[in-house]
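Trainee: Quick one: this structure, given as structure tokens, is what I'll be asking you about.
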Amino acid sequence: MNKLVQYIRDSKNEVKKVTWPTKKEVKQHTILVIVISLAVAFFLGLADFILTKVIEQII
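Just so it is clear: in the sequence shown, position 29 is 566 by the numbering used here, and no numbers are missing.
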């Protein structure tokens, strides 16, 4: 039990040392992730569509 308590204390101390991002940084990075995700989804969808049409022509 003592090890568990020490682990929790150590974890709390480590969390205090973390440099957390600002709200502005979080917002910017969230938007960036969404934009990149949409771009990748569009690219993969387009590639799938083109490859499907090519395979349909072959078959």
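Positions of the beta carbon are idealized from the N, C-alpha and C atoms, including for glycine.
Express the C-alpha separation of residue 593 and residue 566 in angstroms, rounding to a whole number.
Mentor: Distance between the alpha carbons of residue 566 and residue 593 is about 40 Å.
Trainee: Between the alpha carbons of residue 552 and residue 586, how many angstroms are there, rounded?
Mentor: Whole-angstrom Cα-Cα distance: 47 Å.
Trainee: Which of the three DSSP states, helix, strand or coil, is assigned to residue 587?
Mentor: Correct three-state label for residue 587: helix.
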